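The structure under discussion appears below in the form of structure tokens.
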Amino acid sequence: MSAIKIKTLLALAVMLLWAGCASAPPPSGGDSSAAAGAAASSALAAMDGGGNAGPAPVSAETAKPGEEPLWVRSPDRVYSASQYVSAAGYGSDRTAAEKNAFANLVSRFGQNIHADQKVVETYTEAARSGSLQSWSSGTDVTNTVNISNSLDTLVGAEIKDHWFDGKSTYHAVAVLEKTVARESYGSLVRTNQDIIEGLTSMTAAEKNSLDAYSRYRLAGAIADMNSSYASVLSYVGAEGSGVDLKTLKPGNEYRLAAAEITKNIPIYVNVSGDRNNRIKSAFSQVLSKQGFRTGQSNSRYVLDVNCALEPVEFPGQTNKFVRYNIDANLADNGTVLLPWNINDRSGHVSVEQAENRALSAAEKKIGDSYGEELSRYLSSLLPEKK
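Adding 1 to a residue's 1-based position in the sequence shown gives its number in the numbering used here.
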């Protein structure tokens with residue numbers, strides 16, 4: 002996989018996120034630039050100097066008024082559907098018309114090319130961090146991935162023509178050649194399948210680990226992206242693309258495998274300063290909800306917790322107060338993966354009751370806050386090939 006291909010993958014990821022926000026063309030005579038601008042940006046600015054967005058369109062000054070071109074209302078009659086996918090757009094200026102045309106072109110492929118925002122974010126961050134590149138077999142890819150600040154369109158799509166009605170409305174037609182789409186998206190799907198293969202190929206000893214969990218989670222996100230790309234191939238015809246659409250697995254299949262991995266990862270919960278195992282039980286319940294099982298003291302993964310409870314006096318107060326401080330460190334063979342801390346105080350008429358109230362408050366925070374923190378951590382894990 003080349004650096005250019007990685008940049009193309011990233012641009013597509015952003016496009017898929019944008020596509021979900023694309024709307025139908027604005028009403029005739031209205032200012033479409035705001036609506037279209039929120040949905041997409043021109044393909045002219047989408048690529049970083051590589052010329053990948055196609056030839057420069059005719060300027061607004063040279064767009065000539067006159068008889069309305071046939072493509073304004075029926076682009077398929079000018080750009081044969083057997084060879085092209087096309088869509089017209091319009092706006093109050095040339096740029097708005099181009100954006101609207103690209104948005105309408107994407108909409109022709111339906112909702113199946115729209116990727117979930119979290120999936121796109123995971124995919125993009127994996128590419129940005131170098132994780133995607135490290136799992137591609139036999140490739141020498143630079144770790145620095147240049148991501149365009151502009152939003153992209155379909156790969157290979159270009160503005161073919163413009164027209165100004167001589168009054169207030171500019172028109173543009175966006176076109177994607179099917180043979181170009183087959184080649185481009187076929188290459189992207191094959192590249193992603195290569196990465197998925199690298200991520201999911203592991204020994205039995207490697208499998209019961211958080212690293213394996215993160216690898217299957219990332220494979221699921223990449224598979225979701227491939228499903229979107231495959232929708233384009235399905236529309237233009239996958240024959241000749243080098244991709245058998247029937248062999249592509251859905252992202253959920255990999256996520257289910259990741260969930261099965263957690264069931265085989267034991268985590269030992271070691272708590273000092275506990276009271277009747279209340280703090281240990283609270284952490285154990287959180288781990289259980291995430292799918293992990295309880296481990297022994299010799300487990301690879303250990304949640305080391307220190308619980309401190311101490312009375313606190315406040316002048317003029319008849320109630321008694323107890324402060325609690327809980328430090329929790331999730332570690333892999335001694336290396337801390339996720340540090341966490343909570344502290345607060347609780348009061349009551351006696352120290353014993355204040356302590357009980359403090360423990361109850363700590364249990365609730367562990368169930369809520371630590372559960373959320375652990376979930377975020379697991380979702381953010383990006384594997385790197387060692």
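The beta-carbon is built from N, C-alpha and C at its ideal position, and this holds for glycine as well.
If you're wondering where the values come from, they're calculated on a predicted model, not measured in any experiment.
Between the CA atoms of residue 304 and residue 271 - distance to the nearest angstrom: For this step, residue 271 is matched to residue 270 along the sequence shown. For this step, residue 304 is matched to residue 303 along the sequence shown. Each residue's alpha carbon lies about 6 Å from the other.
Candidates 307, 386, 375, 311: which alpha carbon is nearest residue 263's? Counting from 1 along the sequence shown, the entry for residue 263 is found at position 262. Among 307, 386, 375, 311, the Cα nearest to that of residue 263 belongs to 375.
Shortest alpha-carbon distance to residue 291 belongs to which of 275, 320, 261? Position 290 of the sequence shown, counting from 1, holds the residue named residue 291. Residue 291 has its Cα closest to that of 261, out of 275, 320, 261.
Please name the residue, chosen from 295, 215, 186, 102, that lies closest to residue 257 on a Cα-to-Cα basis. The residue you call residue 257 lines up with position 256 of the sequence shown. The shortest Cα separation from residue 257 among 295, 215, 186, 102 belongs to 215.
Any idea if residue 384 is buried or exposed, counting beta-carbon neighbours within 10 angstroms, 16 or more meaning buried? Position 383 of the sequence shown, counted from the start, is the residue given in the question as residue 384. With 16 or more Cβ atoms within 10 Å of its Cβ, residue 384 is classed as buried.
Do you know how far the Cα of residue 117 is from the Cα of residue 340? Locating residue 340 in the sequence shown gives position 339, where the first residue counts as 1. Locating residue 117 in the sequence shown gives position 116, where the first residue counts as 1. Taking the straight line joining both Cα atoms gives about 30 Å.
Applying the criterion that 16 or more other CB atoms from any shown protein chain within 10 Å of the CB defines a buried residue, is residue 157 buried or exposed? One-based indexing of the sequence shown puts residue 157 at position 156. Looking at its Cβ environment, which holds 16 or more other Cβ atoms inside 10 Å, residue 157 is buried.
For residue 296, which residues of its own chain have a beta-carbon under 6 Å away from its beta-carbon, when the five flanking residues on both sides are left out? On the sequence shown, position 295 is the one that residue 296 refers to. Result list for residue 296: 267, 268, 269, in chain order.
State the Cα-Cα distance for the pair residue 193 and residue 247, rounded to the nearest angstrom. Here residue 193 is taken as the residue at index 192 of the sequence shown, counted from 1. Here residue 247 is taken as the residue at index 246 of the sequence shown, counted from 1. Their Cα atoms are separated by approximately 15 Å.
Excluding five sequence neighbours on each side, which residues of the same chain lie with their C-beta closer than 6 Å to the C-beta of residue 162? Against the sequence shown, residue 162 aligns to sequence position 161. The answer, listed in chain order, is 174.
Could you pull the start and end residues of the beta strand (DSSP E) that residue 321 belongs to? Numbered from 1 along the sequence shown, position 320 holds the residue referred to as residue 321. Here the beta strand (DSSP E) through residue 321 covers 321-333.
Hey, how far is the Cα of residue 278 from the Cα of residue 127? Within the sequence shown, residue 278 is the residue found at index 277, counting from 1. Within the sequence shown, residue 127 is the residue found at index 126, counting from 1. Whole-angstrom Cα-Cα distance: 40 Å.
Under the three-state reduction of DSSP, which class applies to residue 103: helix, strand or coil? What you label residue 103 is simply residue 102 of the sequence shown in a count that begins at 1. Helix at residue 103.
Reference residue 325; option with closest CA among 357, 85, 351: Taking the first residue of the sequence shown as position 1, residue 325 is located at position 324. Of the candidates 357, 85, 351, the one whose C-alpha sits nearest the C-alpha of residue 325 is 357.
Measuring straight from C-alpha to C-alpha, what distance separates residue 80 and residue 101? Sequence index remark: in the sequence shown, residue 80 carries index 79 (1-based). Sequence index remark: in the sequence shown, residue 101 carries index 100 (1-based). Rounded to whole angstroms, residue 80 to residue 101 spans 18 Å at the Cα level.
Which one or two residues does DSSP pair with residue 309 in a beta bridge? Stepping through the sequence shown from its first residue, residue 309 is reached at position 308. In DSSP, residue 309 forms a bridge with 326.
So, using beta-carbon positions, are residue 382 and residue 200 closer together than 8 Å? By one-based count along the sequence shown, residue 382 stands at place 381. By one-based count along the sequence shown, residue 200 stands at place 199. No, these two residues do not count as a Cβ contact at 8 Å.
May I have the straight-line CA-CA distance separating residue 363 from residue 253, to the nearest angstrom? Within the sequence shown, residue 363 is the residue found at index 362, counting from 1. Within the sequence shown, residue 253 is the residue found at index 252, counting from 1. For residue 363 and residue 253, the distance between alpha carbons rounds to 35 Å.
Which residues in the same chain as residue 185 place their Cβ atom closer than 6 Å to its Cβ, once the five residues preceding and following it in sequence are excluded? What you label residue 185 is simply residue 184 of the sequence shown in a count that begins at 1. Cβ within range, chain order: 156, 157.
Any idea which residues DSSP pairs residue 294 with across the strands? Sequence index remark: in the sequence shown, residue 294 carries index 293 (1-based). DSSP output for residue 294 lists 267 as bridge partner(s).
Residues bridged to residue 163 [DSSP beta-bridge criterion]: In the sequence shown, residue 163 corresponds to position 162, counting from 1. Partner(s): 173.
Just checking my contact of residue 226 with residue 124 at CB under 8 Å: how many whole Å lie between their CB atoms? Here residue 226 refers to the residue found at position 225 of the sequence shown. Here residue 124 refers to the residue found at position 123 of the sequence shown. Rounded to the nearest angstrom, the Cβ distance from residue 226 to residue 124 is 5 Å, consistent with a contact under 8 Å.
My output table needs one value for residue 253: the three-state DSSP class, helix, strand or coil. Position 252 of the sequence shown, counted from the start, is the residue given in the question as residue 253. Residue state, collapsed to three classes: helix.
Contact belief for residue 73 with residue 172 at Cβ below 8 Å, rounded distance in angstroms: In the sequence shown, residue 73 corresponds to position 72, counting from 1. In the sequence shown, residue 172 corresponds to position 171, counting from 1. Their Cβ separation, rounded to whole angstroms, is 5 Å, which keeps residue 73 and residue 172 in contact under 8 Å.
Assign residue 275 to one of two classes, buried (16 or more other C-beta atoms within 10 Å of its C-beta) or exposed (fewer than that). Here residue 275 refers to the residue found at position 274 when the sequence shown is read from its first residue. Buried, by the Cβ-count rule.
Closest to residue 280 by CA distance: which of 329, 321, 249 is it? As a first step, residue 280 is located in the sequence shown; it is residue number 279 there, counting from the start. Selected option, being the one with the closest Cα: 329.
Quick check: what's the CA-CA separation for residue 189 versus residue 286? Taking the sequence shown and counting its residues from 1, one reaches residue 189 at position 188. Taking the sequence shown and counting its residues from 1, one reaches residue 286 at position 285. Distance between the alpha carbons of residue 189 and residue 286 is about 42 Å.
Can you tell which of 354, 207, 359 has its C-alpha closest to the C-alpha of residue 347? In the sequence shown, counting from the first residue as 1, residue 347 sits at position 346. Of the listed residues, the one whose Cα sits closest to residue 347 is 359.
Contacts around residue 237, its chain only, beta-carbon distance under 7 Å, and the 5 residues preceding and following it disregarded: Locating residue 237 in the sequence shown gives position 236, counting from the first residue. The residues are 86, 179, 182, 183.
How many whole angstroms separate the CB atoms of residue 113 and residue 232, which I take to be in contact at a CB cut-off of 8 Å? Position 112 of the sequence shown, counted from the start, is the residue given in the question as residue 113. Position 231 of the sequence shown, counted from the start, is the residue given in the question as residue 232. 4 Å between Cβ atoms; contact.
Residue closest to residue 95, alpha-carbon to alpha-carbon, out of 84, 169, 323, 320: The count along the sequence shown starts at 1 and reaches residue 95 at position 94. Nearest C-alpha to residue 95: 169.
DSSP three-state call for residue 336: helix, strand or coil? What you label residue 336 is simply residue 335 of the sequence shown in a count that begins at 1. Here residue 336 sits in strand by DSSP.
By the 10 Å Cβ neighbour count, where 16 or more other Cβ atoms means buried, how is residue 132 classified, buried or exposed? For the purposes of this step, residue 132 is taken as the residue at position 131 of the sequence shown. Classification of residue 132: buried, given that the 10 Å Cβ count is 16 or more.
Taking C-beta to C-beta, are residue 187 and residue 244 nearer than 8 Å? Stepping through the sequence shown from its first residue, residue 187 is reached at position 186. Stepping through the sequence shown from its first residue, residue 244 is reached at position 243. For residue 187 and residue 244, yes; Cβs fall inside 8 Å.
With 16 other CB atoms within 10 Å as the buried threshold, where does residue 176 fall? The count along the sequence shown starts at 1 and reaches residue 176 at position 175. When all chains shown are included, residue 176 counts as buried.
Alpha carbon of residue 259 to alpha carbon of residue 93, nearest angstrom: For this step, residue 259 is matched to residue 258 along the sequence shown. For this step, residue 93 is matched to residue 92 along the sequence shown. Near 50 Å, if we compare the C-alpha coordinates of residue 93 and residue 259.
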